[in-house]
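Asker: Going by the working numbering, the sequence shown opens with residue 369, and the numbers climb by one from there.
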Amino acid sequence: EAFANLVGRTDLEGCCWWGRGLLQMKGPCAFGRLNYYLGARAARENRKSMYKDVDFCVNPEAICGSQFRHELVWISALFKWV
Numbered sequence: 369e370a371f372a373n374l375v376g377r378t379d380l381e382g383c384c385w386w387g388r389g390l391l392q393m394k395g396p397c398a399f400g401r402l403n404y405y406l407g408a409r410a411a412r413e414n415r416k417s418m419y420k421d422v423d424f425c426v427n428p429e430a431i432c433g434s435q436f437r438h439e440l441v442w443i444s445a446l447f448k449w450v
């Protein structure tokens, strides 16, 4: 059941996926953060985006199945540690 977000986080809205990439993206915010900083959401909000056409919240499989998959499996793993 959904519950209120008491800390006001918006970087993970509509984005709850698990287990893609070399280190298996984990955690409630992993895909939302990746999208917020590197994906389509960054581009929509006029920030620099390496993957402006990839919405990781809509298509989490892009990490392993897009034209950028050879980069994204590594970037998603490194992103976890940044």
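We put the CB at the ideal spot given by N, CA and C, even for glycine.
Helix, strand or coil for Ser444 per DSSP?
Answerer: Helix, per DSSP.
Asker: If Asp421 and Asn403 are in contact, beta carbons under 8 Å, what's the gap, nearest whole angstrom?
Answerer: Their Cβ separation, rounded to whole angstroms, is 12 Å, which puts Asp421 and Asn403 out of contact at 8 Å.
Asker: Around the C-beta of Gly400, are 16 or more other C-beta atoms found within 10 angstroms, so that it is buried, or is it exposed?
Answerer: Answer is buried; the Cβ neighbour count reaches 16.
Asker: Going by the CB atoms, is the gap between Cys432 and Val441 shorter than 9 Å?
Answerer: Contact flag set, yes.
Asker: Which residue comes first and which comes last in the alpha helix (DSSP H) that contains Asn403?
Answerer: 398 to 406 is the extent of the alpha helix (DSSP H) around Asn403.
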